[in-house]
Amino acid sequence: MDFAFGGGMNPEKVPRVKSLGEARMASQTGETFKVQPGGSSFGVYEGWNTHVAYTQGTSWSQQVATPSSTMSTKYKSLAPNLNMTDLTRANKALVAGHSDMLSPPSGGNNWRGKTFNDQGALTATLLRVNEASTAFGHQSMGVDTHDAGTGMMAQVLSEKWAAKSQKASSPDMATTFAGLTKKFPQLDTVEKMRGQKTDPLVQQIADSRFGAALAAGQRGLDKGHGAHLGEYVQHKFNKHGLGQVPGGWADALRARHGK
201 MDFAFGGGMN PEKVPRVKSL GEARMASQTG ETFKVQPGGS SFGVYEGWNT HVAYTQGTSW
261 SQQVATPSST MSTKYKSLAP NLNMTDLTRA NKALVAGHSD MLSPPSGGNN WRGKTFNDQG
321 ALTATLLRVN EASTAFGHQS MGVDTHDAGT GMMAQVLSEK WAAKSQKASS PDMATTFAGL
381 TKKFPQLDTV EKMRGQKTDP LVQQIADSRF GAALAAGQRG LDKGHGAHLG EYVQHKFNKH
441 GLGQVPGGWA DALRARHGK
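See the structure below:
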């Protein structure tokens, strides 16, 4: 258990959850909880009435949100100094929920012996937990077709993997988030999300997941995994919490290579 301040001099004990799956289940209760994977010293408080993000510094700044028909989890500043590697490592740590190190070093955040910063941990949690339910509610969390947080992470990873295949540096996060906000306007305002309508949002989630599958397939070819490409792509999806691999990517990849 950890403490979250309930106001004044009355801290309340809240449960700690370590994985994305546990966070999805905890979100159904409406109670406050703390998201902190096993290899991380940094945690994010979540819950209906919880102000989860930083209000100072150069990381995220979040408006206070309370349950209502106009509830929003919008951010005034989207991680301006975040590195994509920190975000994707933090996402893998959140998906797994545990440390795979026998003795994680005290302090800091670690995944397979590689570090990621607090901004990465915070951003991964906000995308995968907060934004997953902004459009369709908590019942959509973990549903491949309607979890916008999964779509957002898939979009980020598709860009990262595509850049690697092109032997280029990963896009900077300012560029990535600018594009992400155009594809998922809920990152800007709920009003813009409503203007997007349901069907285009569902299609965008599908497009982003398909793009991630295609990019993962290309990475598999790059690494010589052509004989077991389907397994490689599903492994990548499992590791990053992207759900089941959508169909059609293999045909698209063959067409790309003229086969």
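Its first residue numbered 201, the sequence shown is counted upward by one per residue in the numbering used here. Backbone N, C-alpha and C fix where the C-beta goes; we use that ideal spot for every residue, glycine too. Everything numeric in this text was worked out from a predicted model, so none of it was measured.
Looking at residue i: is its Cβ nearer than 8 Å to the Cβ of residue j?
| i | j | result |
| --- | --- | --- |
| residue 415 | residue 358 | yes |
| residue 328 | residue 220 | yes |
| residue 402 | residue 345 | yes |
| residue 356 | residue 381 | no |
| residue 236 | residue 282 | no |
| residue 440 | residue 353 | yes |
| residue 316 | residue 286 | yes |
| residue 247 | residue 231 | yes |
| residue 188 | residue 365 | Residue coverage of the chain in this structure runs from 201 to 459, which leaves residue 188 outside it and unanswerable. |
| residue 392 | residue 288 | no |
| residue 420 | residue 432 | yes |
In or out: residue i buried (at least 16 other Cβ within 10 Å) or exposed?
| i | result |
| --- | --- |
| residue 229 | exposed |
| residue 325 | buried |
| residue 372 | exposed |
| residue 456 | exposed |
| residue 404 | buried |
| residue 257 | Residue placement at residue 257 is flagged as unreliable, the pLDDT there being 38, under the threshold of 50; the coordinate-derived value follows with that caveat. Label assigned to residue 257: exposed. |
| residue 362 | buried |
| residue 271 | Bear in mind that a pLDDT of 39 at residue 271, under 50, signals an unreliable position, so the number given afterwards is only what the model happens to contain. The residue is exposed, with fewer than 16 neighbouring Cβ atoms inside 10 Å. |
| residue 446 | buried |
| residue 389 | exposed |
What three-state label does DSSP hand residue i in the structure shown?
| i | result |
| --- | --- |
| residue 408 | helix |
| residue 310 | strand |
| residue 467 | Past the edges of the chain, shown from 201 to 459, lies residue 467, and the structure says nothing about it. |
| residue 227 | helix |
| residue 445 | coil |
| residue 214 | strand |
| residue 260 | Per-residue confidence for residue 260 stands at a pLDDT of 41, beneath the threshold of 50, marking its modelled position as unreliable; the derived number appears in the next sentence. If DSSP states are grouped into helix, strand and coil, residue 260 belongs with coil. |
| residue 273 | Its pLDDT being 47, under 50, residue 273 is placed unreliably in this model, and the coordinates cannot settle the point. |
| residue 285 | helix |
| residue 333 | helix |
| residue 219 | coil |
| residue 241 | coil |
| residue 315 | strand |
| residue 388 | coil |
| residue 268 | With a pLDDT of only 40 at residue 268, under the threshold of 50, the placement of this residue in the model should not be trusted; the figure read from the coordinates follows. Residue 268 falls in the coil class under three-state DSSP. |
| residue 346 | coil |
| residue 397 | coil |
| residue 439 | helix |
Could you spell out the range, first to last residue, of the beta strand (DSSP E) harbouring residue i?
| i | result |
| --- | --- |
| residue 246 | 244 to 246 |
| residue 235 | 233 to 235 |
Looking at the unbroken alpha helix (DSSP H) that takes in residue i, where does it start and where does it end?
| i | result |
| --- | --- |
| residue 451 | 449 to 456 |
| residue 339 | Premise fails: residue 339 is in no alpha helix (DSSP H) and is neither H nor E. |
| residue 322 | 318 to 325 |
| residue 427 | Element bounds for residue 427: n/a, residue is neither H nor E. |
| residue 375 | 373 to 383 |
I think residue i touches residue j, with their Cβ atoms under 8 Å apart; what is that distance to the nearest whole Å?
| i | j | result |
| --- | --- | --- |
| residue 290 | residue 321 | 5 Å |
| residue 412 | residue 442 | 6 Å |
| residue 227 | residue 338 | 5 Å |
| residue 348 | residue 384 | 6 Å |
| residue 426 | residue 450 | Wrong, their Cβ atoms sit about 11 Å apart, outside the cutoff. |
| residue 308 | residue 224 | Going by Cβ atoms, the distance from residue 308 to residue 224 rounds to 26 Å, so no, they are not a contact pair. |
| residue 239 | residue 293 | 6 Å |
| residue 386 | residue 331 | 7 Å |
Hey, does residue i have any beta-carbon neighbour from chain C nearer than 8 Å?
| i | result |
| --- | --- |
| residue 296 | Structure shown: chain C not included; a single protein chain is present. |
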